[in-house]
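Step one of this worksheet: look at the structure below.
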Amino acid sequence: MTAASEAKGRTGGVQSIERAFGLLETMADEGGMMGLSQLATASGLPLPTIHRLVRTLVDLGYLRQEPSRQYVLGPKLIKLGESSAHMLGLRARPHLARLVDELGESANMAMLDGDQIVYVAQVPSRHSMRMFTEVGRRVLPHCTAVGKALLAGMPPERTRELLQRNGMPRYTEHTITDPEEFTRQLATAATNGYAIDDGEQELGVRCVAVAVPQAPAHLAISISGPVGRMSEQLVDRAVPLLTEVSQALSTDLR
């Protein structure tokens, strides 16, 4: 085999891997279930290529075919995701600790996983009364500051589809359940560069969040605490620091 043919073979192999991972990421972004024609449209790849890649991913356990003929993300991805999320959380902890040191309230990092928000890291406040969010906890994005911060940076049509799939259940009297009002809040968050959850998931708790720019996944960081301590003055102090820390974290994750 010549050097040229070896290079060509390596290139072909790398291209197949890139395409396979691209399909997995597309499916994750679209809620974890898609048909072949949807994948072809979203990826721009020919249908025979999609079919070949999908069959390989099914054989490896990374995709599963449903009776409806659509494909869903397979259980083998769970192990990879759990390990990756754990390492991601370790990388984030020093940055979250800085937020706690300077602001005094609990700091969190969360990511958009399919249609849900999953918390992947937290550094708790040192106050005796503090907010505690279990790492691994899953919530819907419409009632959380981290969810709003992430959805604010996405195309409106994708947000509408996500809300249709999830619904907008009410958790407290402050939970936003009107899609139009939620859309207005996302526009405000996009303009301001941060989002707030004001007792929308849990009464008496206020949270402010920013998205992590150019991160390897859809990530956001936040601080949260009792409304009595999360004053407007604290939020005003928190936003520029959250923005600075999110940029430092983004650099660290590249």
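Under the working numbering, the sequence shown has 1342 at position 182, and the numbering climbs by one with no breaks. Just so it is clear, CB atoms sit at the ideal spot from N, CA and C, and this is done for glycine as well. Since this is a predicted model, take the numbers as computed values, not measurements.
- When beta bridges are read from the DSSP output, Gln1282 appears opposite Asn1268.
- In the three-state reduction of the DSSP assignment, Gln1198 falls in the helix class.
- Judged by DSSP secondary structure, Asp1338 falls outside any beta strand (DSSP E); it is assigned neither H nor E.
- A direct Cα-Cα distance of roughly 20 Å separates Pro1206 from Ala1188.
- Per the coordinates, the alpha-carbon of Ser1176 lies some 9 Å from the alpha-carbon of Thr1209.
- Where Ala1252 is concerned, the enclosing alpha helix (DSSP H) starts and stops at 1236-1263.
- By the C-beta criterion, the stretch 1352-1370 is judged not to be in contact with the stretch 1237-1245, since fewer than 3 inter-stretch pairs fall below 8 Å.
- Going by DSSP, Ala1375 is part of no alpha helix (DSSP H) at all; its letter is neither H nor E.
- The way I'd put it, the stretch 1393-1412 does touch the stretch 1348-1355; three or more beta-carbon pairs between them come closer than 8 Å.
- In the assembly as shown, Met1289 is an exposed residue. Its beta-carbon has fewer than 16 other beta-carbons within 10 Å.
- In this structure, the straight-line span from the alpha carbon of Thr1293 to that of Ser1384 is close to 10 Å.
- When the Cα atoms are used, Arg1258 and Asp1338 turn out to be separated by approximately 36 Å.
- In the same chain as Gln1230, and ignoring 5 residues on each side of it, the C-beta atoms closer than 7 Å to its own belong to Met1193, Met1194, Gly1195, in chain order.
- For Gln1276, DSSP records a beta bridge to Asp1273.
- Counting C-beta atoms within 10 angstroms of its own C-beta, Pro1315 has fewer than 16 neighbours from the protein chains shown and is therefore classed as exposed.
- Nearest neighbour of Val1387 by Cα position, chosen from Ser1266, Thr1216, Leu1213, turns out to be Ser1266.
- Annotation for Ala1355: the continuous beta strand (DSSP E) segment containing it runs 1355-1358.
- Under the three-state reduction of DSSP, Met1187 is assigned to helix.
- Counting every other CB atom within 10 Å of its CB across the protein chains shown gives Ser1382 a total of 16 or more, marking it as buried.
- In this structure the stretch 1261-1276 touches the stretch 1293-1310; the number of beta carbon pairs closer than 8 Å is three or more.
- For Arg1414, there is no enclosing beta strand (DSSP E), as DSSP marks it with neither H nor E.
- Residues of the same chain with a CB within less than 7 Å of the CB of Val1218, apart from the 5 flanking positions on each side, are Arg1224, Gln1225 in chain order.
- Distances from the CA of Arg1330 to each of Thr1319, Phe1342, Glu1321 were compared; the closest alpha carbon is that of Phe1342.
- Val1368 carries a strand assignment under DSSP once its states are collapsed to helix, strand and coil.
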